[in-house]
Amino acid sequence: VLDGWSSGILRSEFLEIYEGLRNDRSLRLLPAYPYSDYINWLEKQDKEEALTYWSQYLESYSHRSELSHIKRIQSNTGYEFSESIHLFEEAQTEKLNLFCRRHNLTLNSLMQTVWGVLLQQYNN
Numbered sequence: 205v206l207d208g209w210s211s212g213i214l215r216s217e218f219l220e221i222y223e224g225l226r227n228d229r230s231l232r233l234l235p236a237y238p239y240s241d242y243i244n245w246l247e248k249q250d251k252e253e254a255l256t257y258w259s260q261y262l263e264s265y266s267h268r269s270e271l272s273h274i275k276r277i278q279s280n281t282g283y284e285f286s287e288s289i290h291l292f293e294e295a296q297t298e299k300l301n302l303f304c305r306r307h308n309l310t311l312n313s314l315m316q317t318v319w320g321v322l323l324q325q326y327n328n
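If you count the sequence shown from 1, you need to add 204 to reach this note's numbering.
This is the structure we're talking about:
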């Protein structure tokens with residue numbers, strides 16, 4: 205299983221192994237834990253306790269998070285769906301990746317946080 209977080213670790217270890225072999229240096233990699241350890245830990249978690257926690261945590265929320273204050277285009281069937289795509293320049297992407305590495309984040313978690321902050325601002 206490989207995700208955004210794992211790929212950074214894999215890339216780092218690959219480069220460390222490469223440099224070690226290239227410079228005839230011994231390796232000191234951190235121990236790898238089987239993914240099955242995480243699955244076993246996850247299966248031991250109390251699902252009812254988790255359900256109770258999240259139910260209580262979210263019970264005060266009475267409406268969906270949406271961008272209700274943005275001017276919307278109405279059609280005969282309600283609101284019109286639209287999509288906006290923004291492409292970052294290479295320099296911007298590198299700055300975002302550097303920020304993520306510096307703060308031990310994945311780019312996905314950063315973007316999810318930005319989206320959450322945006323929704324928070326529009327929904328008070």
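For glycine and all other residues, C-beta sits at the position ideal for the given N, C-alpha and C.
Rounded distance between the beta-carbons of residue j and residue i, thought under 8 Å
i, j, result
"residue 314", "residue 304", "6 Å"
"residue 311", "residue 302", "Not quite, the Cβ-Cβ distance comes to about 11 Å (not below 8 Å), so this is no contact."
"residue 217", "residue 233", "6 Å"
Pairwise C-alpha distance: residue j and residue i
i, j, result
"residue 246", "residue 262", "22 Å"
"residue 248", "residue 259", "20 Å"
"residue 235", "residue 288", "43 Å"
"residue 294", "residue 250", "44 Å"
"residue 225", "residue 318", "41 Å"
"residue 306", "residue 238", "26 Å"
"residue 230", "residue 213", "19 Å"
"residue 309", "residue 267", "29 Å"
"residue 240", "residue 207", "15 Å"
"residue 286", "residue 296", "25 Å"
"residue 265", "residue 321", "16 Å"
"residue 243", "residue 215", "23 Å"
"residue 257", "residue 211", "31 Å"
"residue 255", "residue 228", "52 Å"
"residue 209", "residue 298", "16 Å"
Environment of residue i [buried if 16+ CB atoms lie within 10 Å]
i, result
"residue 316", "exposed"
Review point. Hey, is the segment 315-328 in contact with the segment 218-225, meaning 3+ C-beta pairs nearer than 8 Å?
Key: no
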